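Novice: All the letters of the sequence shown, read from the start, carry residue numbers 1 to 199 under the working numbering.
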Amino acid sequence: IELLAGALMHKNRKILLLISIFILTGFMHSAASEINVKESLRHTPIDLSKSGAKKIFRKYNFYDGHRNQGGSFENNFVDNADGTVSDLATGLMWQKGGSDEALTVNAGKGYVEKLNHDAFAGYSDWYIPTIEELSTIMEEKKYGRLHLDEVFSRKQTNSISSDTSGTLSYWFSHFVGGAIGWHYILGNYYVKAVRQIKE
Numbered sequence: 001i002e003l004l005a006g007a008l009m010h011k012n013r014k015i016l017l018l019i020s021i022f023i024l025t026g027f028m029h030s031a032a033s034e035i036n037v038k039e040s041l042r043h044t045p046i047d048l049s050k051s052g053a054k055k056i057f058r059k060y061n062f063y064d065g066h067r068n069q070g071g072s073f074e075n076n077f078v079d080n081a082d083g084t085v086s087d088l089a090t091g092l093m094w095q096k097g098g099s100d101e102a103l104t105v106n107a108g109k110g111y112v113e114k115l116n117h118d119a120f121a122g123y124s125d126w127y128i129p130t131i132e133e134l135s136t137i138m139e140e141k142k143y144g145r146l147h148l149d150e151v152f153s154r155k156q157t158n159s160i161s162s163d164t165s166g167t168l169s170y171w172f173s174h175f176v177g178g179a180i181g182w183h184y185i186l187g188n189y190y191v192k193a194v195r196q197i198k199e
């Protein structure tokens, strides 16, 4: 009986050890999988392929009506009551609205230059967002006719990014359709400028 009891205890120890290793491995994998969005979001424009765009949505689980319908990214918006909105989840500050009309790419760049010249909301480091940054504000839920939180203006139904798709196209967000896309450089789009919150 003593031998049997000893064998059972030894076996139980092995089982407990295996369970502990399994739990610890799962925890470590989960911790390693967490992404610090503030540190990893790309702020510099690139030439982005369609496959590269898909990788972005998988990495951050951004919502996109064509590429990632089950995506859901959690924001933490704060209306600064000065024409800007801060997202504490990403460390980005956005224009609450944007350009009053759809602009060409070059006119959009001029629009942002003027924001900086005039120190819009007290800042002079505004820029056109990358599609990676722009995708953070695309909502799975539709607020009225836009996949865009109600904290933002309803006028800007789309927004151009600084990322290109080849030599003649730019990526943009289409808030009505709830997806990103690319279009030729001759198209007109709204501009929603962004800046990085300095801590």
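Glycine included, each C-beta is placed from N, C-alpha and C at the ideal position. Given the structure is predicted, the values throughout are model-derived calculations rather than measurements.
1) What does DSSP give as the partner residue(s) for T200 in the beta ladder?
2) Under 8 Å, with one C-beta from each stretch per pair, do the region 130-142 and the region 73-88 reach the 3-pair mark?
3) Pick from A121, V151, T164: whose alpha carbon is nearest that of W182?
4) Pull up the distance between the alpha-carbon of G26 and that of G178, whole angstroms please.
5) Which same chain residues, not among the five before or five after N188, have their C-beta less than 7 Å away from its C-beta?
6) So, for R154: in the same chain, excluding its five sequence neighbours on each side, which residues have a beta-carbon less than 7 Å away from its beta-carbon?
7) Taking 8 Å as the cut-off, does the region 107-118 touch the region 63-70 (at least 3 CB pairs, one atom from each stretch)?
8) Relative to the C-alpha of K192, which candidate in S49, Q95, V176 has its C-alpha closest?
9) Since R195 is in the beta strand (DSSP E), which residue starts that stretch and which ends it?
Specialist: So, to answer that:
1) In the structure as shown, the chain begins at 1 and stops at 199. Residue 200 is therefore absent and cannot be evaluated.
2) Verdict: yes, contact present.
3) The count along the sequence shown starts at 1 and reaches residue 182 at position 182. Checking every option, the nearest Cα to that of W182 belongs to T164.
4) As a position in the sequence shown, residue 26 is number 26, starting the count at 1. As a position in the sequence shown, residue 178 is number 178, starting the count at 1. Since pLDDT at G26 reaches only 44, below the 50 mark, its modelled position is unreliable, and no value is offered.
5) Indexing the sequence shown from 1 puts residue 188 at position 188. Around N188: A102, L103, T104.
6) Translated into the one-based positions of the sequence shown, residue 154 becomes position 154. Closer than 7 Å at the Cβ level, and outside the excluded window around R154, lie G144, L146.
7) Inter-segment contact for the region 63-70 and the region 107-118 is absent: fewer than three beta-carbon pairs are separated by less than 8 Å.
8) For the purposes of this step, residue 192 is identified with residue 192 of the sequence shown, where counting begins at 1. Considering only S49, Q95, V176, the residue with the shortest C-alpha distance to K192 is Q95.
9) Along the sequence shown, read from residue 1 onward, the residue named residue 195 stands at position 195. Start and end: 194-196.
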